Each structure stands twice: as structure tokens, then as C-alpha cells.
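For reference, the structure discussed in these notes is given below.
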Amino acid sequence: MQVAFDSFALVTVSAASPSGAEGPDRRGRSAARGRLRTRQGTVLDRAIISDPPIIRTGSHASRAIRRAAERAARRRDGVALVRRRDTPGRDRVASSALAAQAAREVATRKVVLELRGVSKRFGSTVAVDGVEMEVREGSLFGVVGPNGAGKTTTLSMITGLLRPDAGTITVGDTDVWRDPEAAKRAIGVLPDRLRLFDRLTGAQLLYYAGVLRGLTPATVRERAGELATAFGLEDALDRLVVDYSAGMAKKVALAAAMIHAPRVLVLDEPFESLDPVSAANVTEILQKYVASGGAVLVSSHSMDLIQRICDHVAIIVAGKVIVAGSVEKVRGDRTLEERFVELAGGRQSAEGMEWLQPSSV
Amino acid sequence: MVATLLRLKLQILANLFRRSRWQKAGIVIGLVVAVAVAALGILGLVLLRGATADDARTPVVLLGALIVLGFVLGPLVFGAGDTLDPRRFSAFGMRPRGLAAGLVLVALVGLPGLVLTAWLFGAVATWSRGPAPTIAAVVAILLTLALCSVGSRVTVGLGALTQSTRRPRVLGLTVGSVLLVVVASLAVVVLGTDWTAGSGRVLPSLARAVAWTPFGAPFALPADVAEGQWLMALVELLSCLAATVLFAWAWFFVVRGLLSSVDRPGRGRSYAGSGWFERLPAAPAGVIAARTLTYWGRDPRYWTSLVVIPVVPVVMDAALAIAGVPSTVLALLPLPVMCLLLGWSVHNDLAADSTAIWLHVSSGTRGRADRWGRLVPVLGIGVPLVLVGSVLTTALAEDWELLPGVLGLSSCLLLTAAGLSSLLSAAFPYPTPRPGDSPFSQPQSTGPAATVVQALSLLAALVLSIPAAAAFIAGITGDWRWHYLALVLGLGVGVLVLIAGVRTGGRVFERRGPEIVGFAQLFD
């Protein structure tokens, strides 16, 4: 049942998946109910989000309601509180609640990328230590971690660019390191800090990547054109990649990673050096790809972004996954950033730096 | 300032030993070789003490001028001065004058400077035949050191300046490579001459001429003092001083220019169409070939090595012509040499891609496609070269019976060198200038790998061509029918080695994909 009010709607999602079977917490629900009553004089006990789960609501939902809804959402009961269609932007509560629901939906899907006990050491330093991860179809999976935590190392081992010391990595049903050829066909790769063949023009680079991936020239040209439009690269296609700005180079590399329509996209820092508009474009492209059943693994430093676009997240610290799961579960009652700083530790207070102020020297 | 720069330089040198065992071994071998060469050079100079001033002058002036020239031009050609680029100090707000002076003083710290200084002091022994020549020799040495240090800085700085634009000056690089070849071949001539036999008449007069240049002047100075030619000595002193001052002045401006200029980002020009990609088949090997050809045109690292290929045989022939080798024999040389160098030119092709090679690895490109794709351009130039070149060679040698032999030998050299390159570039890549760097800049550490792989690939191609070469020589000296055996042997061995090289190279590429990416990351 979907309940919609003229101004807003608060919808709790009953447990369709086993993880939510325990139902809403008493306090969370009552808080939500109470707020609703004061506002609208209507009690909303429980509703099921329709499919597709889009609910139009008012833009003036009070902070109290949002907080109540958020709390309810944290009790693993999806709560959707969405702005009206005519108001631009999306409400955070809504997206988090919808993400909670999406996360539960995802949990039932097929695993397309699986890491078991993956380890890598460089000399005496252990870069990655027994990492376990599962990425399912239709999932946007975020990997976050402090600098040097082993994110890039992990992603490189998935994409076949770095040989793990131990552990298995499976894409679909293929072991990446037993049958690299088949596995690599299913993966689209955006590595971080590796060069491109940048003496080619953008168009040539996309064509090159496409043909290496076994596409026919006609297909490559068609897809390259569409990708260029989607990423806003049309005007740059005939210029050398070496003359691109960092953001444009990132976009052309992203386009090259997607050109063969892989099952899994492994993207290392895809949003780094992208402007907000480009980042929104990329996000939309990724969400569309995920909605059609693709799986995306992204690493990023932007917690806000990961919290906003991902349904699942893993926090890697010192080569170990210290927590993984749905974004809602991982972040608990805080933002992902707060949770991350708490888990990753190493937060230094800026004490004893009194000299750091503009001086005449 | 100088103390800080000196500490920095010493730290950089000390860090050479904080590398892997093999690299350390390479450095030690390099040290031993350098010390041995220096010791031999000093021994020679000490022995020349017994010769008359006139006899000693010629070898000392010529060799000295070559060494100074090499020291000054070396950084431009080999790009050794990368570590203390003035631009790296731009953020510290140093005054250009102080920095310029400091870098000049530090320039001699290091193995080349040490060997040079030691060798120069050997020259004091040569001229220690009386107080005046000895003093002149010491003064000359100090002047030479100043000239070398300032001169090498200027070329390093100019290299950095030309490198700042994305498309380096074609002229400067070509001049650099031609100069290198000329200097190297002159060195061969000078070293190959029998000095005890009076050394003819050409070289002493050459030495007299070189003495007028600032590079030869400091070496002629003590000789002229010893002979009592004071006017000439004064001219040489002034020539050397003037050059040093001029270089110092230029160096100051180069440093100031480097500290105040910024790389221009530039919008870059537009390239319509897909170029080679349209003309070659849309298969992995095809696009890799198209990419290689595109890079040959756009990346100076490739075309500088290609430009040298026709220059080398010309210089070789010129040197041999001076030595009195008949022209019909000289006509036979260029084609095989060019074929060998062409096939050999791609022996480190993979390293030139730097980390961009990840695209081949992560897309699961077949090794064979990768190998063939890189060879297609080489063979595309090489096969016509062999065909046309063989006809030209036989025409110049005025003996048409040679044609099959020339065809066989040159195609054997081309194909074996290409096949070996195919295997070695996948199995043993060694550091090379990074994309966008000057083709003459060198990576911070090359270690022994570079030399070993270079020598091995050349030698192996030569050894594998011995049967064809033997048949060819038998054809020249004996029955002309041997030439047909040379053709059969040359083509047979060549094709076999080519196919074997591509196959094993391809397998190695597939197996070592991640290691190749790791290697590229290490040196990027």
C-alpha cells in the first residue's frame, strides 16, 4: 500500500527481506507517528513502498520528522520521505531510506564479484591483509579508507593488474587469476594514477580500447559517440589526450572503461578531479548502469558522495576490511564520514601549532 | 647555500646504494669500470711524460677536447643532469645568482666529475717537465674543470628549457644525436690510431686546429708553455677563459629563465579523423600497429631513435673511407647496419609505453597480437628498405651477382633483430625516458639491465646471422652461387627467429602482464 499526502508522505517499508524481519523498533515508529500526527493529524502506521519506490512528498517536512524518519530507517525499516517532484533536489532522508530499501533488495541478488582472503605484501609491509568482499548485481559498492590503506592495491588485484599473494577473486564464475582472459572480458577498469596512451586523440583512444576489447569498428564508433555525449567530451574528441585537463582525461578513461559494456566496473577514484556537474553526470550514468543489473565497485575519498550514491560500502584500514555492509548499517546513526573518522582513527587535533598564522616573515 | 646543495647531492649519491641487490651490483660494476678507465687514461698520460712535447700534444689535445666536449654535451644527449634541475628549486625563493653558482660547484660531484678530475690531474704528470709547464698544467686543469662544470650546466638547462614545451624542438634533438654520433666516431678514430708510429700528418694538424677551440685550448696550453710559445699559450688561456665566462653568463640566464617560466598548458591542435586507425584492420594487432605508427609521428622518443638509423652507417662509412677502405666494400655496409638497427630499435618498445600498458593487460590483449602489432611498422619500413636497398647496394658495389646475398643477409639481420626485440621487450624491459620527457633524458637509475639487454639483443642478432654472413662472404671471395645459399639461410633463419620471438614474446607478455605493469609503475 502506498500512502501519499498532498504535501508529503512518510512511508515505512515492511520487511520484505529477511534482514528486516524483526520489524520496526518501538521508539522509532512512535516518534515518527507522533510527528506525523502533529503535522497532519493523520497516523501512518506502516506502508509498503510501491514498485518503483518513488513517493512524492512535500518539501517542508520538518527537521523533527526527518530525524524521526531517519531513526526509523536505521532500525532497518525503510522510510521514504521525498520532496515533491517540482522542488529540485532530493531529500537526504529519502535517499537514505530508499538506499536502505535498495540495499535489502540487492542483498538477494547474485554475487558477481567476490574476494576471499586476498592478501598482498610489498617487502616487509603488508598492503592488503585477507580482504573479503562481495559485490552483487545491481549494486553500487563503495570502498573507502584513509590514504595508503590498500584501496588501490585491492582494486588492482581485482582488475588483473597486480598479482595477489594469497586469496581468490571471482568475477561471475571465473577466477580472475586462473582464467584471466575470460574474467577480464567481464570487467571494465579505471585505474588510478596510471597513464593513458595520451598521444592519441580522445576518439582514437576510445576506438583503441574498444577494438582491444573485441568490438567491431561500427559498434565502437557508435558507442564512442554516445559516451562522448554523455560525458560532455564531444568537442574534445579530436584533440590529443595529453592536452586534456585532469578531469577530461578522467572522463575519457571512464568512457573507455565502459565501452565494452562489462558486467562489473572497477573504478579507482572515478570522481577525483571531476567538477560537480561532471560528477553528477557520471553518477547518473553509473546509476543507470546499476539499475540495468550492472555492478560497480568504486573507491573514493568523498564520504558524502559514497553515502549518497552507494548502497553498500566497505571501510578498509591498514589493508583490512574493518567494516562492510549496507551504507545504512555501516554508518549507523551518524554520517558515513563521522563513522569513517571514528573507525579509521588517526584524527589529530591541531594542537601546538600556534605559530601557524600569517606572519610578516 | 653551496653546503646545502652539496649535502643534497651527496645524499642523492648515497641513495644509489639503497636499491635492490642487482642495482647495487650494477652500480659497483659501473664504478669498477669507471675507475679502470680512469686508471688506464692516467697511465697513458703518465707514460706520455717521456715523449717530446710535440708528440705528447696531439693525443692529449684531441682526447682532452673529446672528453670535455663529451662532458659538456653528454647531459644533453644522455640527460644525466636531471637530479638537480634548477626548476626544482623554484618554490624555495632562492636568488637565481646564488643557485646558479651553487649548482655549478656541485656539478662536478659525482662519478663523471671524479673520473674527469682524476684524469686531468694525470695531465699534470705529462707536463711536469719544468716549473712553468707544471704551473700551466695546473692552471689548465682548473680552467678545464670550470669549463666542464659550467658548460654541462648550460646544456642541461637548455635541455630543460626545450623540454618545457610538449613538442620538443626537432632541430635541437637532431643536432644532439648527430653530434653524439660524430663525437663517438671521432673518438674511435683517435683511439684507434697507432701513436707510436708518428701518427701520420693529419692528426697533429687536427690537434693544432682543435687547440684554437676552447675545448682543446686548456690541453694545448701546457704544451705551448713547454715549447716556449708564449703568445700561443696566452691565446689559448684567453680562449678558455672567454668560453668559461660566456658559459657562466648563459647559465645564469638559463637559471633565471627556468625559475621564472612556467610550462604553457596550451590547447593543443586538433586532429581530424582517425589517421592510421582507419587504414589498418580493426583487430587488436591492427590497432596496436596503428597506435605505434601514430606514436612514431607524435612522440619524439621514437623518431629520434629512427633518425639515428640512417646517420650511423653514413658516419661509419666516412670513418672507414678516411681509413682507406675501397668504395665498393663501403657500399655493402649501410644496408645491413640499418636493417640491424631498425629491428633492434624496438627492443625496449614496451617500456616506452610506461604505465599506459595497463590497457593491454586489463583488456586481456593476446600477447601475440601485442607483439605483432608493434612489429608491423618496423617490418613495414624494413621490407621495402631491404628490397630497394639491396638493389641500390648491388648497383653501388657494381656487382649484380651480390643481389641474393645482400637480400639474404640484410633480411636475416632485420628479422632476427625484430624477433629478438619482440621477446626481449616483453621479458626484460628496462627503464627508458617517460612519455613527455626529453628522449635524451635518462631515468634516475638504469642499472646494468639496460646495457646487458642492449648488448645481448645486438649480439644475438649478429650471432644468428653468422650463417648467412658466412655464405655471403664465401660468395664474394669464391663461387657466386654461395649468394643463393646466403639468401636461403638468411630468410630461413630470419623468419624462424621472427616467429619464435613473437610467439615466446607473446607468451611472456601474457604471463608477466602484472609484473610489466608493476615495472612501469616503479619507474614512472
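If you read the protein sequences in the order shown, they are chains A and B.
Using the working numbering, the final residue of the first sequence is 368, and nothing's skipped along the way.
Using the working numbering, the final residue of the second sequence is 572, and nothing's skipped along the way.
C-beta atoms are modelled at their ideal positions from N, C-alpha and C, and glycine is treated no differently.
In this text the structure is predicted, and so the values were computed from the model without any measurement.
Residue environment for E188(A): exposed (fewer than 16 other C-beta atoms within 10 angstroms of its C-beta). Among the residues of the region 205 to 219 of chain A, those with a Cβ less than 8 Å away from any Cβ of chain B are D205, R206, L207, T208, A210, Q211, Y214, Y215, A216, V218, L219, in the order of the chain. Within a 10 Å sphere around the beta-carbon of N63(B) sit fewer than 16 other beta-carbons, which makes this residue exposed.
Distance from the CA atom of D572(B) to the CA atom of V116(B), rounded to whole angstroms, is 32 Å.
With contacts defined as CB atoms closer than 8 Å, H395(B) and L219(A) fail to qualify as a contacting pair. For D347(B), the nearest CB of chain A lies under 8 Å from its own CB, placing it at the interface with that chain. Contacts with chain A at 8 Å (Cβ-Cβ) include S411(B).
Under DSSP, L247(A) forms a beta bridge with T208(A).
DSSP places V289(A) in the helix class (H, G or I) of the three-state scheme.
Taking every protein chain shown into account, the CB of G167(A) has 16 or more other CB atoms within 10 angstroms, so this residue is buried.
Using a Cβ-Cβ cut-off of 8 Å, E188(A) counts as an interface residue toward chain B, since at least one Cβ of chain B sits closer than that to its own.
For Y343(B), the closest Cβ of chain A is nearer than 8 Å. At a beta-carbon threshold of 7 Å, the residues of chain A lying near R339(B) are F204, L207, Y215, ordered along the chain. Shown here for I357(B): same chain residues with a beta carbon closer than 8 Å to its own, the five before and five after excluded, namely M386, L389, L390, S393 in chain order. When rounded, the separation of the alpha-carbon atoms in V511(B) and F557(B) is 25 Å.
Here G549(B) has G467, L468, S470, L471 as same chain residues with Cβ atoms under 6 Å from its own Cβ, once five neighbours each way along the sequence are excluded.
The distance from the Cβ of A193(A) to that of R270(A) is about 4 Å, consistent with a contact at the 8 Å cut-off. Contact check for W167(B) and A86(B): beta-carbon distance about 6 Å, within the 8 Å limit, so the pair qualifies.
I194(A) carries a strand assignment under DSSP once its states are collapsed to helix, strand and coil. Beyond the five residues adjoining it in sequence on each side, R105(B) comes within less than 7 Å, by CB distance, of A255, A268, A271 in the same chain, given in chain order. DSSP places L147(A) in the strand class (E or B) of the three-state scheme. Contact with chain A is absent for A475(B), since none of that chain's Cβ atoms lies less than 8 Å from the residue's Cβ.
E358(A) counts as exposed, since fewer than 16 other C-beta atoms from the protein chains shown sit within 10 angstroms of its C-beta. A Cβ-Cβ contact shorter than 8 Å links V541(B) with T464(B). Using a Cβ-Cβ cut-off of 8 Å, P277(A) does not count as an interface residue toward chain B, since no Cβ of chain B sits closer than that to its own.
For T166(A), a Cβ of chain B is located within less than 8 Å of the residue's own Cβ. Residue pairing of S126(A) in beta bridges, as defined by DSSP: A173(A). When the five nearest sequence neighbours on each side are left out, no beta carbon in the same chain lies closer than 8 Å to the beta carbon of M360(A). For W406(B), the residues of chain A that pass the 7 Å Cβ criterion are L168, P198, L201, in the order they occur in the chain. Closer than 8 Å to the CB of S308(B) there is not a single CB belonging to chain A. Look at P332(B): its C-beta is under 8 Å from a C-beta on chain A.
A Cβ of chain B is located within less than 8 Å of the beta carbon of T223(A). Within chain A, the residues placing a beta-carbon under 7 Å from that of A320(B) are D245, ordered along the chain.
At least one beta carbon of chain B lies nearer than 8 Å to the beta carbon of R192(A). For L328(B), there is no enclosing alpha helix (DSSP H), since its DSSP letter is neither H nor E. Counting along the chain, no beta strand (DSSP E) covers V283(B); the unbroken alpha helix (DSSP H) around it starts and ends at 278 to 308.
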